[in-house]
Structures are given as structure tokens and as C-alpha cells.
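Heads up: the sequence shown runs through residues 340 to 899, numbered per this note's numbering. These notes are about the structure you will find just below.
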Amino acid sequence: MNHIKKTSVWVPLIAALAFVLGLLTSNLLKVGSGPTPAQKKFQTVLNLIRNDYVDEVDLDSLLENTLPSLLTNLDPHSAYIPASDLQAVNDDLDGSFSGVGIQFMINNDTIVVLEVIPGGPSEKVGILPGDRIVKVDDEQVAGTGITNEQVLKKLRGDKDTRVKLGIKRLNSKKTLSFEVTRGDIPVNSVDAAYLLNDSTGYIRVNKFGRTTYDEFWQALNSLARDGAADFVIDLRGNTGGFMEVAFLMVNEFLEKGQPIVSTRGRDYYATSAVGADGNGSFTDAQVVVLLDEFSASASEIFAGAIQDNDRGLVIGRRSFGKGLIQRQSVLPDSSAIRLTIGRYYTPSGRSIQKDYSNHSLYEHDLIDRYNRGEMFSQDSIRQNTDQVFTTLHGRTVFGGGGIMPDIFVPNDTSGITSYYINVANAGLFQKFAFDYVDTNREKLEQASGADELLGLLPSDDALLRQFVNFAARNGIPARWYYINISHDLIVNQLKALIARDALGYGAYFEIANRADTNVARAVEELAKGTAAFPVTIPLKAPASGKAAADSASNTNVKQP
340 MNHIKKTSVW VPLIAALAFV LGLLTSNLLK VGSGPTPAQK KFQTVLNLIR
390 NDYVDEVDLD SLLENTLPSL LTNLDPHSAY IPASDLQAVN DDLDGSFSGV
440 GIQFMINNDT IVVLEVIPGG PSEKVGILPG DRIVKVDDEQ VAGTGITNEQ
490 VLKKLRGDKD TRVKLGIKRL NSKKTLSFEV TRGDIPVNSV DAAYLLNDST
540 GYIRVNKFGR TTYDEFWQAL NSLARDGAAD FVIDLRGNTG GFMEVAFLMV
590 NEFLEKGQPI VSTRGRDYYA TSAVGADGNG SFTDAQVVVL LDEFSASASE
640 IFAGAIQDND RGLVIGRRSF GKGLIQRQSV LPDSSAIRLT IGRYYTPSGR
690 SIQKDYSNHS LYEHDLIDRY NRGEMFSQDS IRQNTDQVFT TLHGRTVFGG
740 GGIMPDIFVP NDTSGITSYY INVANAGLFQ KFAFDYVDTN REKLEQASGA
790 DELLGLLPSD DALLRQFVNF AARNGIPARW YYINISHDLI VNQLKALIAR
840 DALGYGAYFE IANRADTNVA RAVEELAKGT AAFPVTIPLK APASGKAAAD
890 SASNTNVKQP
């Protein structure tokens, strides 16, 4: 059994961040003193293809198509990024991009403005929520089958360049014309931050980008000023990002010297250890971290540091299981590779990376988890009992397959019926919510928050009837037996989406979370003091050694 060693020497936080920043952003490719036999062989093959193949071959194109497969053979997370995609890939984590400053959706084959970013380029010229974009630079885009990706390519561009938008507005019969000068647009990674009750703050983080720590720190302090003493950090669906950002965020909750993570690789700069620097502002707060099967990488670093130091509770479902570190290197043609150069280990010394020796099983792991019932029953979870570790105060944890929550909350299927699935798959919730807000926008936008907006909506039954009639007009007939079973689920989803379209993403979570079993359990445990340091609740062990043995064979198996 492995233990956290209190006598370990931990590299100071800032020094470790410098190491990690170097391994994540270095553009240097190591070059040996001379070609190896394998390199000579590869060059010989290319020469033979160029000179002797029956048809003339574009070697650049051939290499472009070959590199992804070459890197995939190393591990599932080493990847090739074509030059055409690099900017979009980097924008997602860099915290900003250059564009027009709107959030949109495609409704009835038309680009519809959901939100205009305050102070952004579109707001400055007078574009409003609810506007339909029918032309871009005099090119018709409505009714053409345009995709989200195509819209992004048309609206984004270099800073200070201009784009002409043709707008249809409900109060005007004419097509309005606006010329928008593109500018820097922030990419927010904190979706919501609000009080669940008088003393509990909720923060949902969708990724670990360059600006995430600043957003997170501001959210923590704002909630604390409003009375929050405890916090729920929602990392469900968060596939990761920059490691050093996770270090800074979890540092806010840890005492000086408490370990955060260690990394090991062949490269000197890929090997380091990071501990808390003692400057955290919320070391006395109770903390709950919410995870699910899509929480990965930096999310698992954050949760692992909380769990292994017995600092707070992890609630939800077993995380993805990604414990590999990638370094991005830009190639001469402005394409890039993200190459795995190390592994990270939680404070107890465990790697949470699941086995990837069988790439097919790895790719289908989440489907396999679902099929064997893991999303619904804790007894179906398989942990590798060969990798046993202990937390700071002696609780047993396991490596080799993600972060197992301290408290398991199954996927909530109550209220899900065939009717609910049909209307959801048809996208009718979003379409109804948009049409409802579009018709009542002037009234709804007067609401100062989610609670006030709910007071402006019709009764639950009236709202449900409106939706059922809308669905019937769109090809999904009413089936009241199933509708009544799904009543609460449908109504809450409609209210949350109406709030999103009227007030923004934060309002969506304020309403949606009222029916969220994970959030409810978090609030319950905080009220009981279960998340107070040191956490003593034991993690449930695997059902049997046989299950763990099966796991070893069966598990060989995320924004531009």
C-alpha cells in the first residue's frame, strides 16, 4: 500500500508552474546528432514513393494524412493539429479570440443571435438578441443548410477586420445592414457562480483555460462577499486544459506544503512536484467537487488533490481517467503536434490513467461503463485493487481508472420517457424556448434574475400545454400518459432554457440545478459537515477481487 509521505520535499508552486508552462508551451523539437536507422528507413520509403510509385504523389498531402495515425499509435491523446485548425484549437484555451461578439444558434436553418456580449463589437453597432443573420458579406446564409462550424469561420477573423451582416428583425420589414469591426472576444470558462443557499456558493467551470483562475478567483470572492462559507465546484463535463491553472485553483483551498501533484517523464522539465504555497484564501471553507465520466485531466488533478489530502468531498460518478501530459510543439508549416511527454500522479502517488494498450477498448470505455450499469449502480464500478493507495489520513483510494467519488450519485433517469427522448432528440426544447423568449423578450429581459423571471412565466401546467402543442405542430404527437410522467422534468428544462435565452448561461444553471440530484446531495453533505477537513468518509471498496481482476482485462480499453 502506498502512503502520502509528509517528509517529501515539494517544489514551490511558482517554480513548478514555470516547469509545467515550459512543458506545455515549448515550441522546441529535440533533434538528435544524426539520423537513426528508423529515420533513414522513413526517408528511404518517402524517396521510393516520390520516384517510383506508379502515379505522381503529393508528399505533403501524404504526410498530412499519415501523421494523425502515426501519433495515435503512441497513445490516445498524442495528436496532430493541421495548420488550418491550430488557431481555433488554441483560441478555446487562450481565453479570447477575434470575432463579432455574439452567441448564436441555428434555428429553422437561420442564424439567430441568442446573446450579444456586453461591450463587444456587435453591441457597439446595435445588433440585438433575437436578430436573424441572413447575409454575411452580401452572401445569403439563411436557408442554405449552414453549419455551426461554417458560421464560426465566417464571423471570426483577424482583429480590426470588418464583416457586413444582413439582419432580419421582428419590428422591421426591411433587411438591416450592419458593418461590424472584429475585436477580441473573451472565452469564459466559468459558466455560473451563484448562491445555492445563504452560506453555499456554486461555481461551474467548463475548462481550464488561461483566464480560468482569474474568473474562478473573482467568483470565489464575490460569493464570499455575499455570504458563502462553503463551496460546490462543478467540474462535470470539464475535459481539462492547462495543468498549472488547476494548481492555482486548488491552491486556494490547501494549507502550505500540502501536495497537489507530481509529474514524471523522460524530460527533466517533465518531472516535478507541486505543493500549496500557503497563500490560499479559502483554506477553512468546506469544499465539494462534482465529477462525472466526462471530467478529465486537469479536472482530475483538482479533484485528486482535494480527495488525497482529505480536504473535501468528491461527489458524482467515476471520472474519465486521463493521467497523461501533452506538450504542444509548433512545426515549421504552422501545424502542431501535441505529444505525451509525461504522466501525473495525485498526492497519494496514484496515476489515474486508465489502460490504453487496447485502443479500441479505450475508445469505447464510456459506452462499456454505461452498458454494464456503472452510471446507475455503484456495485457495477470496477476498480483495480492492484493499485491501492492511502490518503493523508489513511483512507483507501485506487489508481489506474479515474477518480472514484467519495459519494456516488447515479445518473438520474426519473421522468425520462419515450416522449421526453423524442422531443429532446428533435431539439424542440431549445426551439420552443427561443420562440417563447423571442415573442416575450421585452417583458422577460426586465427580470433582474432567475427568480424574478420565473414569476413572469405562466403556470407549470400552462407552460407544459404550450410546449405539447408546439411539439405536435412539429411532428411529435401528444402522449399524455408519458407526458405526465415527464411533467416535472419537461417543465424544469423549459424554464432553464427560457432563462438562458433571456438572461444568459448563469441563469440556466440556477434553474436547472434545482432538480439536480448531485447538487442536492452536495448541499445535504455540507449541511451535515461531512466535507469538513479532514474528510473521514471511507470510499466503498470493489465488490470483490474478481471484479477488480476483470477490470484489468476489460478496461484495457474534452473547447475552438
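We put the CB at the ideal spot given by N, CA and C, even for glycine. Fair warning: this is a prediction, and the values are worked out from it, not measured in the lab.
Assigned secondary structure, residue i (DSSP; H/G/I helix, E/B strand, else coil)
| i | result |
| --- | --- |
| ARG404 | First, the amino acid is wrong: residue 404 is Asn here, not Arg. Three-state DSSP puts ASN404 in a helix. |
| PRO525 | strand |
| TYR392 | coil |
| GLY505 | strand |
| PHE768 | helix |
| LEU795 | coil |
| THR539 | strand |
| PHE586 | helix |
| PHE748 | According to the sequence shown, residue 748 is Val rather than Phe. Three-state result, VAL748: coil. |
| GLU294 | A query on residue 294 cannot be resolved here, the shown segment of the chain reaching from 340 to 899 and no further. |
| PHE641 | helix |
| ALA835 | helix |
| ALA418 | strand |
| LEU515 | strand |
| LYS879 | coil |
| THR520 | strand |
| ALA624 | coil |
| VAL874 | coil |
| PHE900 | A question about residue 900 goes unanswered here, because the residues of the chain that appear run from 340 up to 899. |
| ILE485 | coil |
| ASP840 | helix |
| ARG804 | helix |
| LEU494 | helix |
| ALA568 | coil |
| ALA810 | helix |
Which residues DSSP lists as bridging residue i, in chain order
| i | result |
| --- | --- |
| ALA612 | SER601 |
| GLY580 | PHE547 |
| ASP573 | ARG543 and LEU629 |
| GLN479 | LYS474 |
| LEU534 | GLY540 |
| THR735 | THR729 |
Residue of the options minimising C-alpha distance to residue i
| i | options | result |
| --- | --- | --- |
| ASP476 | LEU663, GLY496, LEU793 and GLU488 | GLY496 |
| VAL600 | GLY643, TYR541, PRO421 and ASN852 | GLY643 |
| PRO525 | GLN442, ILE466 and ARG543 | GLN442 |
| VAL858 | ASP565, VAL571, ILE456 and PRO457 | VAL571 |
| PHE592 | ASP704, ALA841 and ALA870 | ALA870 |
| SER528 | VAL490, GLU478, ASP537 and ALA585 | ALA585 |
| GLY604 | TYR683, GLN646, GLN667 and ARG543 | TYR683 |
| GLU403 | ASP623, LEU670 and ASP799 | LEU670 |
| PRO749 | PRO415, GLY505, ILE388 and GLU632 | GLU632 |
| ALA532 | THR875, ILE850 and THR856 | ILE850 |
| GLY579 | HIS416, GLN717, GLN625 and TYR541 | HIS416 |
| LEU663 | ILE676, SER690, GLN646 and ARG657 | SER690 |
| THR411 | GLU702, PHE555 and ARG721 | GLU702 |
| GLU784 | THR375, GLY469 and GLY522 | GLY469 |
| TYR758 | ASP840, ALA675, SER511 and TYR820 | TYR820 |
| ILE420 | ASN429, ASP414 and LEU413 | ASN429 |
| ALA563 | ALA811, SER620 and ASN510 | SER620 |
C-beta contact flag for residue i and residue j at 8 Å
| i | j | result |
| --- | --- | --- |
| LYS546 | LEU425 | no |
| SER687 | VAL736 | yes |
| ASN723 | GLY712 | no |
| GLU518 | VAL480 | no |
| MET582 | TYR552 | no |
| PHE806 | ILE829 | yes |
| LEU678 | GLN665 | yes |
| THR514 | ARG501 | no |
| SER638 | LEU574 | yes |
| PRO873 | ASP649 | yes |
| LEU833 | PHE768 | yes |
| LEU494 | VAL439 | yes |
| ILE654 | ILE746 | yes |
| VAL451 | LEU467 | no |
| THR622 | LEU865 | no |
| GLY681 | ALA763 | no |
| ARG734 | PRO877 | yes |
| ALA854 | ASP827 | yes |
| ILE542 | ILE506 | no |
| LYS595 | ASP616 | yes |
| SER569 | GLN625 | It should be noted that the sequence gives Asp, not Ser, for residue 569. Yes. |
| LEU796 | LYS782 | no |
Minimum Cβ-Cβ distance from residue i to chain D less than 8 Å
| i | result |
| --- | --- |
| THR756 | Given the protein chain composition of this structure (a single chain), no chain D is represented. |
*alpha helix (DSSP H) runs wholly inside the region 649-726, at least 4 long, in chain order*: Counting only runs of 4 or more residues that sit fully inside the region 649-726, the alpha helix (DSSP H) segments are 698-702 and 704-710, in chain order.
*Going along the chain, which unbroken runs of the alpha helix (DSSP H) with 4 or more residues stay wholly within the region 421-472?*
DSSP runs (the alpha helix (DSSP H)) wholly in the region 421-472: 422-433 and 460-464.
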